[in-house]
Every structure is written in C-alpha cells, then in structure tokens.
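I have placed the structure first, in the form of structure tokens, so that the comments after it can refer back to it.
Numbering (our numbering), first residue to last: 3 to 284.
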C-alpha cells in the first residue's frame, strides 16, 4: 500500500514538473521574464540582434541581470547584462544595458574572442530555422586599398544575404563626414600590431544628435550587392608590405523607433559588421 502511494506521489510530481516547462519559451531574462517564439520577430545573425514584435519598457531599466536562450525547456546558452558604466567585459555572451537599439531589440555581444562563437551554436541556428526566425542580414567584403600620393582609396562591398529587402546607410548619400559619425573608419596595423593608419575624416553629428533621415539610406534587395569607395588623406607614408586592416560598416541604432523599422517592404538594417583582413599594400 505504501509503495503504491509513493508511486502515485512520484507520478503526480512528475506531471507537475512537466507542466512547469513551457516548451514555447525561447528567451528568458532572470527567473521571471519569459519570451515565447511568438513574441520574437526575427534574429539577425550578421549583427546578433534579437528583434521583438513589441516594445518592452522594462528593457530600459535592465542594468544587471542574466539571460538565456532556450529550446524545449533546456538552456542553449546564457549570459549577462552589462551596465554601460562597466569598465570590464565578461568572458562570455553579454548584452549592453540600457540597450542601444531601443526597447524592441537586444544585441548579444560575445566576450569569447579566441573561441568558437557560441552565438552560432548549431542548436540555436536549428531552432531559429524551425520557427522561421533566422535572418542573415548583411555581409561585407573588401575589394582593394589603393594609394596614390597622399590619397588612400578604400573599396568595399556590402551584400544583402537576408531573405528580406533591407535599407542601409549609404556613405555616398550621407557624405564622408556624417558617415564617420557612425564609424571610426579604416584602420591599418603592421604585423607587430602597431597603428599605421587611422581614419582621419572629421565626423559630423546629426542635428539633432538622435535623429536620422530616410535620405541617408539606400535600398538593397535580397541577394543584391553595392560597392562603396572612401577616400582618406595620408599624413605619413605607408611603406609597401603586409598589413592587418580593420573596418566597421555601421547601421543605425537607437535613432530608429519600432514603428520606423519597416519602410514599406524594406527593413532598416540596424547594428554593425566588421571586416578584418590581412593584405599586401603596394
């Protein structure tokens, strides 16, 4: 009799335990805040930005907490929120707080610089695909760096590898000064990691500082590419040789509100992508 009662209790506890697991929960903040797949709009793997269908005022007040990506009640990976005033970077995934992308999008950063990127774990890629949330955003490739006298010309190509049509910042439309408000530009290092060249174009802030204009953006249909050229002035000669180069292509961020994110059938691409390449400069 006692054995049957014990068995019955175990069965009841097992059922209760299973009922507590919500297999539709994809993203958790702390122990109380849960978001289901139906709450998510998309995840952009080029920037690792998680977009939500609705705005969430609680994101603005999230200075310190933990987060986790879930699949069937199991943690895929977890990380922490990092206050903007912090002077150190966690050794793992983190989200800057308050967020730079309004209260409808969170960018997941990764402090594991020398390890495989846990944000691209096959489990999370698979679950994003299963729920039609996976988007690939932009890719950047570099054509050339050419030096003629005191002028350096840097060419690069942006490709829309997303399933959606996108709108991107166009340096030809913003002009070089405004464009370099959003990016530090090209940097060149020798193989000993000494700074050889840093983008020296004087930036121009928008007016007001948190504004943006549709005229700054260009449409880029899914699968299309666009090449840009930025000209810099060289103050010190760069000797021919092998160098490491770094460039960050910017998108808009906090300037774009939730109701502005889509312009007709186009989505404004937010975030930034970087290009690291070792190359020979003649």
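All C-beta atoms, glycine included, are put in the ideal place defined by N, C-alpha and C. Keep in mind that this is a model prediction, so the values were computed, not measured.
Bounding residues of the beta strand (DSSP E) (the contiguous stretch that carries residue i)
i           : result
residue 170 : 168-171
residue 180 : No beta strand (DSSP E) contains residue 180, which is instead part of the alpha helix (DSSP H) from 178-181.
residue 268 : 268-270
residue 51  : 51-54
residue 281 : 274-283
residue 80  : 76-85
residue 121 : Unbroken run through residue 121: none, as it is neither H nor E.
residue 145 : 140-150
residue 259 : That residue, residue 259, is in no beta strand (DSSP E); it is neither H nor E in DSSP.
residue 154 : 153-162
residue 109 : 107-109
residue 70  : 68-73
residue 29  : 27-31
residue 233 : 227-235
residue 200 : 197-200
residue 98  : 95-99
residue 220 : 219-222
residue 44  : 42-46
residue 113 : Where residue 113 is concerned, there is no enclosing beta strand (DSSP E), given that its DSSP letter is neither H nor E.
residue 37  : 35-38
Test: residue i CB closer than 8 Å to a CB of chain B
i          : result
residue 37 : Absence of chain B from the displayed structure is noted, only one protein chain being present.
Pair within 8 Å by beta-carbon distance, residue i and residue j
i           : j           : result
residue 71  : residue 126 : yes
residue 83  : residue 52  : no
residue 121 : residue 95  : yes
residue 211 : residue 258 : no
residue 256 : residue 86  : no
residue 184 : residue 236 : no
residue 284 : residue 242 : yes
residue 67  : residue 110 : no
residue 88  : residue 164 : no
residue 99  : residue 65  : yes
residue 232 : residue 173 : yes
Straight-line Cα distance separating residue j from residue i
i           : j           : result
residue 38  : residue 25  : 9 Å
residue 27  : residue 50  : 19 Å
residue 221 : residue 263 : 13 Å
residue 251 : residue 149 : 21 Å
residue 155 : residue 192 : 18 Å
residue 195 : residue 146 : 21 Å
residue 130 : residue 136 : 5 Å
residue 56  : residue 101 : 15 Å
residue 17  : residue 208 : Caution is warranted here: a pLDDT of 49 is assigned to residue 17, below 50, making its placement in the model unreliable, and the coordinate value is therefore given only provisionally. Residue 17 and residue 208: Cα-Cα distance of roughly 58 Å.
residue 19  : residue 272 : The predicted model places residue 19 with a pLDDT of 46, which falls under 50 and marks its position as unreliable; any figure quoted below should be read in that light. Those two C-alpha atoms are separated by around 40 Å.
residue 238 : residue 230 : 24 Å
residue 75  : residue 34  : 14 Å
residue 119 : residue 113 : 9 Å
residue 79  : residue 123 : 9 Å
residue 240 : residue 249 : 17 Å
residue 153 : residue 267 : 39 Å
residue 282 : residue 247 : 10 Å
residue 61  : residue 45  : 17 Å
residue 132 : residue 162 : 22 Å
residue 265 : residue 226 : 18 Å
residue 69  : residue 151 : 52 Å
residue 197 : residue 58  : 42 Å
The alpha helix (DSSP H) enclosing residue i, as first and last residue numbers
i           : result
residue 127 : 124-132
Near the ligand HEM: residue i beta-carbon under 7 Å from a heavy atom
i          : result
residue 66 : As for the ligand HEM, it is missing from this structure, which has no ligand bound.
Whole-number beta carbon distance between residue j and residue i, since they are thought to touch under 8 Å
i           : j           : result
residue 260 : residue 106 : 4 Å
residue 187 : residue 177 : Between residue 177 and residue 187 the Cβ distance is about 13 Å, and since that is not below 8 Å, they are no contact.
residue 203 : residue 182 : 5 Å
residue 269 : residue 168 : 6 Å
residue 54  : residue 43  : 6 Å
residue 190 : residue 245 : 5 Å
residue 138 : residue 47  : 6 Å
residue 175 : residue 217 : 6 Å
**Message:** Under 8 Å, with one C-beta from each stretch per pair, do the stretch 141-148 and the stretch 270-278 reach the 3-pair mark?
**Reply:** With the cut-off at 8 Å, the stretch 141-148 and the stretch 270-278 touch.
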